[in-house]
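Asker:
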Ligand SMILES: Nc1ncnc2c1ncn2[C@@H]1O[C@H](COP(=O)(O)OP(=O)(O)OP(=O)(O)O)[C@@H](O)[C@H]1O
Ligand SMILES: [Mg+2]
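Residue numbers (UniProt numbering): 1 to 278.
The following block contains the structure:
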């Protein structure tokens, strides 16, 4: 552990929901990966999703981002005042609506530089027009310069400004995770889904990650966070949802959830999960 204190959660500014998931059920043949999952997230908040391995956390993200289509349920998302349904939309459309994600297994373009990886994110949200790039007008060139500036600004924001020209594959593991966050932020999301961003991170990197998540929330971006490290979760999230075998078994403040017998049982009932437990 480093001696640096981990700052507590920021006060919430409740302006209604950013996400309202209802009764999402996902099956793969005979296996029910999500079983009537409902949760609600306040705009601008950090909400954590925890649960033992195989609980359905990543499946939930996949349902929200168009990678999987659940058999039942809805996920309403408010990019602004008007809500939209996420279930059934393509991953590209979901991204354009303002939901970005990182992956449990890092997905970067390994040969491309850090800044080029972020550019990929920015282009997901770019205005359409196949001919734009073929016409190097002053306006197009200015737009390209602005995009590049924005990519560098995002790299600075996640603490990777000095690594901009490095190929992604040459970055340390923790740096690659932060690069994924920068790429996701490049799409200008209003909701950011982080799937185990601290996996494999050192204690110092975890502390930096807490600071980074606070900074992201400080920009008004809501964060839905899958994370096993309950200390990190308690430092950033004011609310936690616990999944086990595809069901929500508890929800509430970190202290309430940790004391919940169903949560203790979910973690301690499975000897392999003990090291991950709350
Ligand atoms: N594409 C798929 N095909 C078949 N089964 C799947 C698929 N995706 C997920 N599952 C199953 O759904 C269940 C939930 O998996 P999921 O990856 O969502 O769990 P998780 O909570 O993210 O676990 P971990 O903490 O290990 O990442 C598991 O039993 C998994 O094997
Ligand atoms: Mg997972």
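The beta-carbon is built from N, C-alpha and C at its ideal position, and this holds for glycine as well.
None of these values were measured; they are calculated from a predicted model.
Using only Cβ atoms and a threshold of 6 Å, which residues come within that distance of a heavy atom of ligand 1? Order them by chain position.
Answerer: 28, 31, 33, 51, 53, 54, 55, 56, 57, 58, 59 and 104
Asker: Quick check: the stretch 235–248 against the stretch 43–62, are there 3 or more CB pairs under 8 Å?
Answerer: yes
Asker: Name, in chain order, the residues that DSSP records as bridge partners for residue 22.
Answerer: Numbered from 1 along the chain shown, position 22 holds the residue referred to as residue 22. Bridge partners of residue 22: 74.
Asker: Would the stretch 217–224 and the stretch 196–206 be scored as touching if the rule is three or more Cβ pairs under 8 Å?
Answerer: no
Asker: Considering just the uninterrupted stretch of the alpha helix (DSSP H) at residue 59, what are its terminal residues?
Answerer: Position 59 of the chain shown holds residue 59. Here the alpha helix (DSSP H) through residue 59 covers 57–64.
Asker: Rounded to whole angstroms, what's the CA-CA distance from residue 95 to residue 76? Just pull it up for me.
Answerer: Start at 1 with the first residue of the chain shown, and residue 95 comes out as number 95. Start at 1 with the first residue of the chain shown, and residue 76 comes out as number 76. Cα-Cα distance, rounded: 14 Å.
Asker: Measure the C-alpha to C-alpha separation of residue 46 and residue 160 and round it to an integer number of angstroms.
Answerer: Counted from its first residue, the chain shown places residue 46 at position 46. Counted from its first residue, the chain shown places residue 160 at position 160. Roughly 23 Å between the two C-alpha positions.
Asker: I need the straight-line Cα distance from residue 81 to residue 170, nearest angstrom please.
Answerer: Looking up residue 81 in the chain shown gives position 81. Looking up residue 170 in the chain shown gives position 170. In a straight line, the C-alpha of residue 81 is about 42 Å away from that of residue 170.
Asker: For residue 163, count neighbouring C-beta atoms within 10 Å of its own C-beta (all shown protein chains included) and say buried if the count is 16 or more, exposed if not.
Answerer: Position 163 of the chain shown, counting from 1, holds the residue named residue 163. By the 10 Å Cβ count, residue 163 comes out buried.
Asker: Mind checking residue 98: buried by the 16 CB within 10 Å criterion, or exposed?
Answerer: The residue given as residue 98 occupies position 98 in the chain shown. So residue 98 counts as buried.
Asker: Could you check if residue 149 is buried or exposed, using at least 16 other CB atoms within 10 Å of its CB as the buried criterion?
Answerer: Position 149 of the chain shown, counted from the first residue, corresponds to residue 149. That one is exposed.
Asker: Give the straight-line distance between the Cα atoms of residue 237 and residue 254, rounded to the nearest whole angstrom.
Answerer: On the chain shown, residue 237 is found 237 positions in, with the first residue counted as 1. On the chain shown, residue 254 is found 254 positions in, with the first residue counted as 1. Residue 237 and residue 254: Cα-Cα distance of roughly 8 Å.
Asker: Alpha helix (DSSP H) containing residue 242: first to last residue?
Answerer: Residue 242 sits at position 242 when you count from the first residue of the chain shown. Element bounds for residue 242: not the alpha helix (DSSP H) but the beta strand (DSSP E), 239–244.
Asker: Whole angstroms are fine: how far does the CA of residue 23 sit from the CA of residue 261?
Answerer: Translated into positions along the chain shown, residue 261 becomes position 261. Translated into positions along the chain shown, residue 23 becomes position 23. Roughly 24 Å between the two C-alpha positions.
Asker: Do residue 33 and residue 66 have their CB atoms nearer than 8 Å?
Answerer: Residue mapping note: residue 33 aligns to position 33 of the chain shown, counting from 1. Residue mapping note: residue 66 aligns to position 66 of the chain shown, counting from 1. No, these two residues do not count as a Cβ contact at 8 Å.
Asker: Just to confirm, are residue 201 and residue 166 a CB contact at a threshold of 8 Å?
Answerer: The residue given as residue 201 occupies position 201 in the chain shown. The residue given as residue 166 occupies position 166 in the chain shown. Residue 201 places its beta carbon 8 Å or farther from that of residue 166.
Asker: Does the structure place the stretch 222–238 close enough to the stretch 139–157 that three or more beta carbon pairs sit under 8 Å?
Answerer: no
Asker: What is the rounded straight-line gap between the Cα of residue 64 and the Cα of residue 101?
Answerer: Within the chain shown, residue 64 is the residue found at index 64, counting from 1. Within the chain shown, residue 101 is the residue found at index 101, counting from 1. Roughly 10 Å separates the two Cα atoms.
Asker: So residue 223 packs on residue 192, CB below 8 Å; how close in whole Å?
Answerer: The residue you call residue 223 lines up with position 223 of the chain shown. The residue you call residue 192 lines up with position 192 of the chain shown. Between residue 223 and residue 192 a beta carbon distance of about 5 Å is seen, short of the 8 Å cut, so the two are scored as contacting.
Asker: Which partner residues of residue 100 appear in the DSSP bridge assignment?
Answerer: Here the question's residue 100 lines up with position 100 in the chain shown. Partner(s): 192.
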